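Following: one structure in structure tokens, then a few remarks.
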Amino acid sequence: MYHLGSCWNFGLSMSDIYNSGIEYKKLDLVSLKFLENYSEAKIDPKLNFGVAYYPEKFYYWFGKYWELDDRIVFAFDLTDLMNPAEPFVNTALKRSHIGAECKFGPFVVRADINSGYPTLGGGLISDIINIEYAFYGEERGVYTNQETVWFHRI
Numbered sequence: 001m002y003h004l005g006s007c008w009n010f011g012l013s014m015s016d017i018y019n020s021g022i023e024y025k026k027l028d029l030v031s032l033k034f035l036e037n038y039s040e041a042k043i044d045p046k047l048n049f050g051v052a053y054y055p056e057k058f059y060y061w062f063g064k065y066w067e068l069d070d071r072i073v074f075a076f077d078l079t080d081l082m083n084p085a086e087p088f089v090n091t092a093l094k095r096s097h098i099g100a101e102c103k104f105g106p107f108v109v110r111a112d113i114n115s116g117y118p119t120l121g122g123g124l125i126s127d128i129i130n131i132e133y134a135f136y137g138e139e140r141g142v143y144t145n146q147e148t149v150w151f152h153r154i
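In my numbering, the protein residues as written are 1 to 154.
And the structure:
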């Protein structure tokens, strides 16, 4: 995470950097014994990049503004940039996420574009309890609008 002044944050993360391998055996459900043969799989490295902007002021007229005190944030991120099965050039929209969040006292409202689908959410945030709701679409296929699944989450 890198902080550029008080308004900008940049982040870069990488996981499974060594291309981890997994070996696993299959279980016979009748005898409850492992079968002799086993399977292998690899976990590919995953690279993510993100940026967030916290404006200090909102100008609504020449020289007139409201102090925002970190109540509004704009964010953008790209996920899984190194996936060899789905090249970024072909799936850029699926890997892109852009959104905004606005806080009003204990209430928060969010609106985003998640992998090309609209996302809306909100919540009540306090020191004692957090209650949050989100409605979003998720792509299960390789390309956007191939296999869309919609969710409500609390």
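By construction, the Cβ of each residue, glycine as well, lies at the ideal position given by its N, Cα and C atoms. Predicted model only: the values in this text are computed from it and were never measured.
{"Item": "Member of G5, H152, T148 and S15 whose CA lies at the smallest distance from the CA of N48", "Value": "S15"}
{"Item": "Those residues which DSSP pairs with S15 across a bridge", "Value": "K46"}
{"Item": "Extent of the continuous beta strand (DSSP E) to which N145 belongs", "Value": "Unbroken run through N145: none, as it is neither H nor E."}
{"Item": "Simplified DSSP state of V51, which is helix, strand or coil", "Value": "strand"}
{"Item": "Bounding residues of the beta strand (DSSP E) (the contiguous stretch that carries F107)", "Value": "F107 to N114"}
{"Item": "Rounded straight-line distance, which links the Cα of L68 to that of C102", "Value": "10 Å"}
{"Item": "Cα-Cα separation, I98 to A41", "Value": "32 Å"}
{"Item": "Contacts around Y117, its chain only, beta-carbon distance under 6 Å, and the 5 residues preceding and following it disregarded", "Value": "G137"}
{"Item": "Contained alpha helix (DSSP H) runs [length at least 4] in the stretch 66 to 134, N- to C-terminal order", "Value": "88 to 91"}
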